[in-house]
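A.B. asks:
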Amino acid sequence: MKANWPGRENHIANAGFIVAPEWRGKGLARLPGETMLDHSRFLGFRSVIFNLVFSENHVAHRLWTQLGFRELATLPQAVRKNDGTYQDARILFRSLCDDSHLPDRP
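Read in order, the letters of the sequence shown correspond to residues 304 to 409 in the working numbering.
1) Just curious, the beta strand (DSSP E) that P335 is in, first and last residue?
2) So which of G310, L340, R327 and D401 has the shortest CA-CA distance to I352?
3) If we call anything under 7 Å between Cβ atoms a contact, is A306 one with N313?
4) Tell me which residues share the same chain as H342 and place their Cβ nearer than 8 Å to its Cβ, disregarding the 5 neighbours each side in the sequence.
5) Give a yes or no on whether the C-beta atoms belonging to F357 and Q390 are separated by under 7 Å.
Below, the structure written as C-alpha cells:
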C-alpha cells in the first residue's frame, strides 16, 4: 500500500493483490482486503483506488464491490494479454470518509 500520487493528492491510497491460481476462489483475499482498508484509515488516507482491475477478473471485481468499492471508469483495451489480444480494465474507488452527502455515481 502506498499513496497513489505524490504531493497534494497523497491522501489517496493504492494497493495491489495477487493470489496464486491454485489458491483463487477460496476467500483468501477478503481478510487482506479488509485489513488494507483498516490500515489505510489508520495511516490517514481518505480513500483507496485500484487503477487497473482486469475486466476478466470477475472474482476480484466482486470482492472489491462487496467491500464497498465502486467503478469509476473502464479503460478499453488497457491490458495486453499473453496471446496478444487485449482486455479492458476498470478503475475502482472506495472512500474512507463519510461521503453520504455526495450524490451516487453510476
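Yeah, the Cβ is synthetic: ideal placement off N, Cα and C, and Gly gets one too.
Please read all numbers here as calculations on a predicted model, not as lab measurements.
C.D. replies: Reading it off the structure:
1) Within the sequence shown, the letter at position 32 stands for residue 335. Counting along the chain, P335 falls outside any beta strand (DSSP E), though it belongs to the alpha helix (DSSP H) covering R333 to F345.
2) Locating residue 352 in the sequence shown gives position 49, where the first residue counts as 1. Measuring from the Cα of I352, the nearest candidate turns out to be L340.
3) As a working note, residue 306 is residue 3 in the sequence shown. As a working note, residue 313 is residue 10 in the sequence shown. Yes; because the gap between Cβ atoms is below 7 Å, this pair is in contact.
4) Your numbering for residue 342 matches position 39 in the sequence shown. Cβ neighbours of H342 beyond the five flanking positions: M304.
5) In the sequence shown, residue 357 corresponds to position 54, counting from 1. In the sequence shown, residue 390 corresponds to position 87, counting from 1. It is a contact, given that the beta carbons lie within the stated cut-off.
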